[in-house]
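**Student:** Under full-length UniProt numbering, the first residue of the sequence shown carries the number 1, and numbering increases by one thereafter. Glycine is no exception: its CB is placed at the ideal position from the N, C-alpha and C atoms. Here you go, one structure.
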Amino acid sequence: QFSVKQPDLNWENPKVRREIYDMILWWMDKGVGGFRLDVIDQIAKEPDKMITNNGPRLHEFLQEMSRETFQKGDLITVGEAWGATPEIAKLYSNPDGSEFSMVFQFEHMVMDQQKGKEKWDLAPLPFVKLKKCLAKWQNELYGKGWNSLFFDNHDLPRIVSRWGDDGKYREESAKMLALVLHGMQGTPYVYQGEELGMTNVKFPDISCYEDIETVNMYHERLEAGYKKDDIMRSICAKSRDNARTPMQWSSEENAGFTTGRPWIRMNPNYTEINAESERKDPDSVYHFYRRLIHMRKEYPVFVDGKFELLLPDDEQIFAYVRRDDDSQMLVCANFTGEPAECTISAEWKDAQVLIHNYKDSAPEQTGECLRLRPYEAFILYR
Numbered sequence: 001q002f003s004v005k006q007p008d009l010n011w012e013n014p015k016v017r018r019e020i021y022d023m024i025l026w027w028m029d030k031g032v033g034g035f036r037l038d039v040i041d042q043i044a045k046e047p048d049k050m051i052t053n054n055g056p057r058l059h060e061f062l063q064e065m066s067r068e069t070f071q072k073g074d075l076i077t078v079g080e081a082w083g084a085t086p087e088i089a090k091l092y093s094n095p096d097g098s099e100f101s102m103v104f105q106f107e108h109m110v111m112d113q114q115k116g117k118e119k120w121d122l123a124p125l126p127f128v129k130l131k132k133c134l135a136k137w138q139n140e141l142y143g144k145g146w147n148s149l150f151f152d153n154h155d156l157p158r159i160v161s162r163w164g165d166d167g168k169y170r171e172e173s174a175k176m177l178a179l180v181l182h183g184m185q186g187t188p189y190v191y192q193g194e195e196l197g198m199t200n201v202k203f204p205d206i207s208c209y210e211d212i213e214t215v216n217m218y219h220e221r222l223e224a225g226y227k228k229d230d231i232m233r234s235i236c237a238k239s240r241d242n243a244r245t246p247m248q249w250s251s252e253e254n255a256g257f258t259t260g261r262p263w264i265r266m267n268p269n270y271t272e273i274n275a276e277s278e279r280k281d282p283d284s285v286y287h288f289y290r291r292l293i294h295m296r297k298e299y300p301v302f303v304d305g306k307f308e309l310l311l312p313d314d315e316q317i318f319a320y321v322r323r324d325d326d327s328q329m330l331v332c333a334n335f336t337g338e339p340a341e342c343t344i345s346a347e348w349k350d351a352q353v354l355i356h357n358y359k360d361s362a363p364e365q366t367g368e369c370l371r372l373r374p375y376e377a378f379i380l381y382r
């Protein structure tokens, strides 16, 4: 998981903490706008024991750091905390600013693996459980903290390959996933290439991979007797290198990223999926993200509206309502590659369609029954 080249600092030593604070202040003086604090929930571990989360002095250290640094400027701060619960996240992202602005928690991102095992032990996404998890975080932190909204980052596989369809319905499912996420309360994070619908890469052999976690796991599991094909299947699905292939700027050599030799092979689909072509296409995934971001700035209900999960046990539909004092919006999405039906209240019959991920027509509706095509998604506003 970590390289021997990554220093393991002794946070119990006040001189070490002072050096860290001075480093932060140095960057603040340079005018940086914020900090992301990597696996910050592991800093308060006992030095002679294994890596652990949520040590006894964790929040003491974080609050000291905030007083000595962050509170002296106007910054966005986000802590990465794999072991966060809603109660702990309320401390991390308390509106009083005593620790961070917000928190990255990962409960929703570790569901498609076998219970009690590692991420490499693949399992189908428990969709109903996912919906209830996201709803829990929306409601628990409402007015008491702040969510970071994300499906992608440098450690995770590409979401369109993971929970969407990176083949026939790549554009539709990439837009659907963006719509579901951007409709929630919190600060959305768009990881490079996510706004293009970039996909996982399927390298043919372990020699093509650079990620230390992936390479170590491959050799450990080979030695433990796992079949090579099964190991490579897990790597293609979950390796961090899926998110670390170079950004796909154009269809030129090396995706327009460099004229030199990149540190890792390109995803070969860069000739079809790239920023240059998507910027020219008004119906692209890229322009869909732009529209979502614009809407979040235009409609206050995206920021302040309270969250209510609808159809919690439906195996295909992810639907929720956001309400504030003046307006409400309905987010509805088919999370599958099969047609789906759902019933919505008559009050939404004449609502405005804010955004829709199928470019040719609106959702099919008969009375209160909606028929959704594969990965179809929309937002209604009233």
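Assign residue 203 to buried or exposed, taking buried as 16 or more other Cβ atoms, counted over all protein chains shown, within 10 Å of its Cβ.
**Tutor:** Stepping through the sequence shown from its first residue, residue 203 is reached at position 203. Answer is buried; the Cβ neighbour count reaches 16.
**Student:** When burial is assigned at 16 or more other CB atoms within 10 Å of the CB, is residue 376 buried or exposed?
**Tutor:** For this step, residue 376 is matched to residue 376 along the sequence shown. Under this definition residue 376 is a buried residue.
**Student:** Under DSSP, the beta strand (DSSP E) around residue 395 begins and ends at which residues?
**Tutor:** Look at the range of the chain in this structure, 1 to 382, and you will see that residue 395 is not part of it.
**Student:** Could you spell out where the beta strand (DSSP E) holding residue 306 opens and where it closes?
**Tutor:** Residue mapping note: residue 306 aligns to position 306 of the sequence shown, counting from 1. Its beta strand (DSSP E) spans residues 306-310.
**Student:** If I follow the unbroken beta strand (DSSP E) through residue 353, where does it start and stop?
**Tutor:** Here residue 353 corresponds to residue number 353 of the sequence shown, with the count starting at 1. Start and end: 352-356.
**Student:** Per the DSSP calculation, residue 80 is bridged to which residue(s)?
**Tutor:** Residue 80 sits at position 80 when you count from the first residue of the sequence shown. In the DSSP output, where bridge partners are listed per residue, residue 80 has 104.
**Student:** What residue range is occupied by the uninterrupted beta strand (DSSP E) comprising residue 369?
**Tutor:** By one-based count along the sequence shown, residue 369 stands at place 369. Start and end: 369-372.
**Student:** Compute the Euclidean distance between the alpha carbons of residue 296 and residue 248, then round it to the nearest angstrom.
**Tutor:** The count along the sequence shown starts at 1 and reaches residue 296 at position 296. The count along the sequence shown starts at 1 and reaches residue 248 at position 248. Their backbone Cα atoms lie some 26 Å apart in a straight line.
**Student:** To the nearest angstrom, how far is it from the Cα of residue 23 to the Cα of residue 69?
**Tutor:** The sequence position of residue 23 within the sequence shown is 23, counting from 1. The sequence position of residue 69 within the sequence shown is 69, counting from 1. Distance between the alpha carbons of residue 23 and residue 69 is about 10 Å.
**Student:** Whose C-beta lies closer than 7 Å to the C-beta of residue 120 among residues of the same chain, with five residues either side of it excluded?
**Tutor:** Taking the first residue of the sequence shown as 1, we reach residue 120 at position 120. Same-chain partners within the cutoff: 217, 234 and 238.
**Student:** Quick check on DSSP: helix, strand or coil for residue 244?
**Tutor:** Here residue 244 corresponds to residue number 244 of the sequence shown, with the count starting at 1. Residue state, collapsed to three classes: coil.
**Student:** Can we say the stretch 279-296 touches the stretch 179-199, given the rule of at least three CB pairs closer than 8 Å?
**Tutor:** yes
**Student:** Does DSSP classify residue 157 as helix, strand or coil?
**Tutor:** Against the sequence shown, residue 157 aligns to sequence position 157. The answer is coil: DSSP assigns residue 157 none of H, G, I, E or B.
**Student:** May I ask you to list the residues that DSSP assigns as paired with residue 342?
**Tutor:** Sequence index remark: in the sequence shown, residue 342 carries index 342 (1-based). Its beta-bridge partners are 370.
**Student:** With DSSP as the reference, identify every bridge partner of residue 34, one or two as the case may be.
**Tutor:** The residue given as residue 34 occupies position 34 in the sequence shown. In the DSSP output, where bridge partners are listed per residue, residue 34 has 76.
**Student:** Which residue comes first and which comes last in the beta strand (DSSP E) that contains residue 378?
**Tutor:** Your numbering for residue 378 matches position 378 in the sequence shown. Unbroken beta strand (DSSP E) run through residue 378: 377-381.
**Student:** Can you name, in chain order, every residue of its own chain whose Cβ lies under 7 Å from the Cβ of residue 123, other than the five neighbours on each side?
**Tutor:** Position 123 of the sequence shown, counted from the first residue, corresponds to residue 123. The residues are 112, 113 and 114.
**Student:** From residue 148 to residue 161, what does the alpha carbon distance come to, in whole angstroms?
**Tutor:** The residue you call residue 148 lines up with position 148 of the sequence shown. The residue you call residue 161 lines up with position 161 of the sequence shown. Whole-angstrom Cα-Cα distance: 21 Å.
**Student:** Which one or two residues does DSSP pair with residue 331 in a beta bridge?
**Tutor:** What you label residue 331 is simply residue 331 of the sequence shown in a count that begins at 1. In DSSP, residue 331 forms a bridge with 320 and 379.
**Student:** Between the alpha carbons of residue 367 and residue 214, how many angstroms are there, rounded?
**Tutor:** Reading the sequence shown from its first residue, position 367 is the one you call residue 367. Reading the sequence shown from its first residue, position 214 is the one you call residue 214. The alpha-carbon atoms of residue 367 and residue 214 are separated by roughly 51 Å.
**Student:** What are the complete beta strand (DSSP E) segments, minimum 3 residues, inside the stretch 190-243?
**Tutor:** none
**Student:** For my contact list, residue 393 and residue 324 are in at a C-beta cut-off of 8 Å; report their separation, rounded to the angstrom.
**Tutor:** In the structure as shown, the chain starts at 1 and stops at 382, and residue 393 therefore has no counterpart that could be examined.
**Student:** If you measure between the beta carbons of residue 135 and residue 309, is that distance less than 7 Å?
**Tutor:** Translated into the one-based positions of the sequence shown, residue 135 becomes position 135. Translated into the one-based positions of the sequence shown, residue 309 becomes position 309. Their beta carbons are under 7 Å apart, which means residue 135 touches residue 309 by this criterion.
**Student:** Using the Cα positions of residue 371 and residue 339, report the straight-line distance between them to the nearest angstrom.
**Tutor:** If you number the sequence shown from 1, residue 371 lands on position 371. If you number the sequence shown from 1, residue 339 lands on position 339. Going by the C-alpha atoms only, they are around 7 Å apart.
**Student:** When the distance is taken between beta carbons, is residue 197 closer than 7 Å to residue 321?
**Tutor:** By one-based count along the sequence shown, residue 321 stands at place 321. By one-based count along the sequence shown, residue 197 stands at place 197. No, the pair does not count as a contact, with Cβ atoms beyond the cut-off.
**Student:** Which same chain residues end up closer than 7 Å to residue 94 when comparing Cβ atoms and leaving out the 5 residues on each side of it in sequence?
**Tutor:** On the sequence shown, position 94 is the one that residue 94 refers to. For residue 94, the CB contacts under 7 Å within the same chain, skipping 5 residues up- and downstream, are 145 in chain order.
**Student:** Is residue 56 helix, strand or coil when you go by DSSP?
**Tutor:** Here residue 56 refers to the residue found at position 56 when the sequence shown is read from its first residue. When DSSP states are grouped into helix, strand and coil, residue 56 belongs to the coil group.
**Student:** Quick one: using the 10 Å Cβ neighbour count with 16 as the cut-off for buried, is residue 333 buried or exposed?
**Tutor:** On the sequence shown, position 333 is the one that residue 333 refers to. By the neighbour-count rule (16 or more Cβ atoms within 10 Å), residue 333 is buried.
**Student:** Do the stretch 270-281 and the stretch 92-108 make contact, defined as three or more Cβ pairs closer than 8 Å?
**Tutor:** Verdict: no, contact absent.
**Student:** Quick check on the DSSP output: what are the complete alpha helix (DSSP H) runs of length 4 or more inside the stretch 116-176, in order along the chain?
**Tutor:** 127-140 and 159-162
**Student:** With respect to the alpha helix (DSSP H) encompassing residue 91, which residues constitute its N-terminal and C-terminal limits?
**Tutor:** One-based indexing of the sequence shown puts residue 91 at position 91. It spans 86-92 - the alpha helix (DSSP H) in which residue 91 sits, taken as one unbroken run.
**Student:** In terms of DSSP beta bridges, what is residue 188 paired with?
**Tutor:** For the purposes of this step, residue 188 is identified with residue 188 of the sequence shown, where counting begins at 1. Note: residue 188 sits in a beta bridge opposite 149.
**Student:** Can you tell me whether residue 364 is helix, strand or coil according to DSSP?
**Tutor:** Locating residue 364 in the sequence shown gives position 364, counting from the first residue. Reduced to three states, the DSSP call for residue 364 is strand.
**Student:** On the premise that residue 152 lies in contact with residue 243, defined as a C-beta separation below 8 Å, what is that separation, rounded to the nearest angstrom?
**Tutor:** Numbered from 1 along the sequence shown, position 243 holds the residue referred to as residue 243. Numbered from 1 along the sequence shown, position 152 holds the residue referred to as residue 152. Their Cβ separation, rounded to whole angstroms, is 7 Å, which keeps residue 243 and residue 152 in contact under 8 Å.
**Student:** So, at 7 Å on beta carbons, what are the nonlocal neighbours of residue 76 in its own chain, with the 5 sequence-adjacent residues on each side left out?
**Tutor:** Indexing the sequence shown from 1 puts residue 76 at position 76. Once the five neighbours on either side are set aside, the close Cβ partners of residue 76 are 33, 34 and 101.
**Student:** Roughly how many whole angstroms lie between the Cα atoms of residue 335 and residue 174?
**Tutor:** Mapped onto the sequence shown, residue 335 falls at position 335. Mapped onto the sequence shown, residue 174 falls at position 174. Taking the straight line from one Cα to the other gives about 11 Å.
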